[in-house]
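Read the structure below first, then the notes.
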Amino acid sequence: MAYRHRYLEGDPLDLPVGKVVCIGRNYLDHIRELGNVVPETPILFMKPATALSALDEPIRLPTDRGECHHEVELAVLVGRTLRQADAATARSAVAGYGVALDLTLRDVQNELKKKGHPWEIAKAFDGSCPLSPFVEPGALADPQATDLTLWVNGEPRQQGNTRLMMIGIFELMAHISTHFTLRPGDVVLTGTPAGVGPLRSGDRLLLGLAGHRFAARVA
Ligand code: ZN
10 MAYRHRYLEG
20 DPLDLPVGKV
30 VCIGRNYLDH
40 IRELGNVVPE
50 TPILFMKPAT
60 ALSALDEPIR
70 LPTDRGECHH
80 EVELAVLVGR
90 TLRQADAATA
100 RSAVAGYGVA
110 LDLTLRDVQN
120 ELKKKGHPWE
130 IAKAFDGSCP
140 LSPFVEPGAL
150 ADPQATDLTL
160 WVNGEPRQQG
170 NTRLMMIGIF
180 ELMAHISTHF
190 TLRPGDVVLT
200 GTPAGVGPLR
210 SGDRLLLGLA
220 GHRFAARVA
């Protein structure tokens, strides 16, 4: 079924499905686990609208392209156009918060990194961004102090809190808007905490955002 943005309770939102702008390294513990260097400026990349799929649809992993890793991330739905915005303006433009998986073909990405090539085919493939319904902006007591959790087959794999981000949500959105105009219906992914690892066919996932729980499964 074609992906549409929606709130947890209710009909599809009257917002187009736009691009997804992501940050590569925003939690120190995750940078360390991959042996990466702490970036001086945010590493940004994008996924096209065709990457989005509803979290309650079966997740289809690309076959024969090596390991596909889960990265659980806070997702921010943009409600108003942001261009050269400051953090306060970015905050006021948030239409909702959700939780997403930034699916990553890790073997492919490592090969590309070695060659100094861009990551797109490892990050932006069809279905590479399963996304939950959104909660309204006021529903999170403090978006910058929110638990973010991923369980795989009942085992906790990723347990983070958005307070551990190096660049905060609204500063990140402001920074992005100096490079790429954010439009209503775009989504910003804010980076993943430690604990990334491969998914396998049949895995049962549970994603947590504050007290909300969203189930998903790998086809
Ligand atoms: Zn990520």
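Taken in order, the sequence shown gives residues 10 to 228; the numbers are from this note's numbering.
Every residue gets a Cβ at the ideal spot worked out from N, C-alpha and C, and that includes glycine.
Just so you know, these numbers come straight off a predicted model, no measurement behind them.
Here's the rule: buried if 16 or more other CB atoms are within 10 angstroms of the residue's CB, otherwise exposed. What is V161? With 16 or more other Cβ atoms inside 10 Å of its own Cβ, V161 counts as buried.
With three or more C-beta pairs closer than 8 Å as the rule, is the region 108 to 120 touching the region 173 to 183? The answer is no - the region 108 to 120 does not touch the region 173 to 183, with fewer than three Cβ pairs under 8 Å.
Starting from the C-beta of A203, find all residues in its chain whose C-beta is less than 8 Å away, skip the five residues before and the five after it, and write them out in chain order. The answer, listed in chain order, is Y36, D38, H39, R41, E42, Q167, G169.
Length at least 4, wholly inside the region 56 to 126: the alpha helix (DSSP H) runs in chain order: Runs of the alpha helix (DSSP H) inside the region 56 to 126: 96 to 101, 115 to 124.
Just the Cα atoms here: how many angstroms apart are G107 and L140? Taking the straight line joining both Cα atoms gives about 7 Å.
For P67, does the count of other Cβ atoms within 10 angstroms reach 16, so buried, or fall short, so exposed? It is exposed - the Cβ of P67 has fewer than 16 other Cβ atoms within 10 Å.
Three-way DSSP call (helix, strand, coil) for F179 in this model: In the three-state DSSP reduction, F179 falls in the helix class (H, G or I).
Flag this pair as yes or no: are the beta carbons of T90 and L24 separated by less than 8 Å? Not closer than 8 Å, so no.
How about C31: is its Cβ closer than 7 Å to a heavy atom in the ligand ZN? Yes - the ligand ZN has a heavy atom lying nearer than 7 Å to the Cβ of C31.
Looking at the secondary structure, which residues open and close the alpha helix (DSSP H) in which H221 lies? That residue, H221, is in no alpha helix (DSSP H); its beta strand (DSSP E) goes 221 to 226.
Kindly identify the DSSP beta-bridge partner or partners of N162. DSSP output for N162 lists no bridge partner at all.
Cβ neighbours of E145 in the same chain (closer than 7 Å, five flanking residues each side left out): Same-chain partners within the cutoff: Y16, G105.
Can you list, in chain order, the residues of its chain with a C-beta nearer than 7 Å to that of Y12? Leave out the 5 residues immediately preceding and following it. Listed in chain order, the non-local C-beta contacts of Y12 below 7 Å within the same chain comprise V26, L61, S62, A63, local neighbours out to five positions each way being set aside.
Cα-Cα separation, V46 to E129: If I take the Cα positions, the gap works out to 20 Å.
For G211, which three-state DSSP category applies? Looking at G211 - three-state DSSP - the assignment turns out to be coil, as it is neither helix nor strand.
Same chain, Cβ closer than 7 Å to T187, five either side skipped, listed in chain order: So the list reads Q93, once near-sequence residues are dropped.
For I52, which of helix, strand or coil comes out of DSSP? Correct three-state label for I52: coil.
Is it buried or exposed, K124, if we count other Cβ atoms within 10 angstroms and call 16 or more buried? With fewer than 16 Cβ atoms within 10 Å of its Cβ, K124 is classed as exposed.
Spatial neighbours of R100 in its chain, beta-carbon cut-off 7 Å, leaving aside the 5 residues before and after: Apart from sequence neighbours up to five positions away, the residues of its chain that approach R100 with a beta-carbon distance below 7 Å are F179, ordered along the chain.
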